[in-house]
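> Starting off with a structure, shown below.
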């Protein structure tokens, strides 16, 4: 990982919002694909030693991704992501909520807004996560979201470096 690349992670409890900015030493199209294609998401979308498994993904407005994070002992934590808007290569928004293995949602959820931009071969991804409830955000953080998300970003960095070659 290039330590000169930006990585900011800020929690605004009063606003129930998490702000993340991360730079990657890869082109915008490749980074976009890593966030929007199941076969790539499954390679980095869960913090080690967990792994991600997408049951299905339809990346279009109104489409969904239904996936699980699976622990080494086989426990599955399911989630549904519903795509609200997509501007190819630059922005997408989704609604995210945990669920059971039958896709029964566990509300409240969160709204995610992803923005992608590139300058001189460095792609910046800015993510805003608005939680529908303070309790949900607190539970997420207590469950290790901050460390887990940082781990997944490092996994993505490693994946992108191998895909560029």
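In our numbering, the protein residues as written are 25 to 189.
For each residue, glycine too, the CB sits at the ideal point set by N, CA and C.
1. Suppose you measure from the CA of residue 139 to the CA of residue 158; what does that come to, to the nearest Å?
2. I'd like the ranges of any beta strand (DSSP E) spanning at least 3 consecutive residues and lying wholly in the segment 69-150.
3. Nearest-angstrom Cα distance between residue 79 and residue 93?
4. Just reading off the alpha helix (DSSP H) that residue 202 is part of, what are its end residues?
5. Measuring CA to CA, which of 72, 185 and 88 is closest to residue 62?
6. Around the Cβ of residue 65, are there at least 16 other Cβ atoms within 10 angstroms (buried) or fewer (exposed)?
7. Using a Cβ-Cβ cutoff of less than 8 Å, which residues in the same chain neighbour residue 47 once the five nearest sequence positions on both sides are dropped?
8. Pull the bridge partners of residue 47 from the DSSP assignment, please.
9. Using DSSP bridges, identify the partner residues of residue 32.
10. Are there 16 or more other CB atoms within 10 angstroms of the CB of residue 85, so buried, or fewer, so exposed?
11. How is the alpha helix (DSSP H) around residue 175 delimited, first residue to last?
12. Can you tell me whether residue 67 is helix, strand or coil according to DSSP?
13. Check residue 38 in the structure and name its three-state DSSP category.
14. Quick one, which of 103, 175 and 156 has its alpha-carbon nearest residue 5's?
15. Exposed or buried, what is residue 105 when buried is set at 16 or more other beta-carbons lying within 10 Å of its beta-carbon?
16. Tell me which residues share the same chain as residue 160 and place their Cβ nearer than 6 Å to its Cβ, disregarding the 5 neighbours each side in the sequence.
17. Is it right to say residue 38 is buried, meaning 16 or more other beta carbons lie within 10 angstroms of its own, or is it exposed?
According to the structure shown:
1. 24 Å
2. 75-81, 88-94, 100-111, 115-123 and 129-143
3. 11 Å
4. A question about residue 202 goes unanswered here, because the residues of the chain that appear run from 25 up to 189.
5. 88
6. buried
7. 29, 30, 31, 146, 147, 148 and 149
8. 148
9. 45
10. exposed
11. 169-187
12. helix
13. coil
14. Nothing about residue 5 can be read from this structure; the chain reaches only from 25 to 189.
15. buried
16. 132
17. exposed
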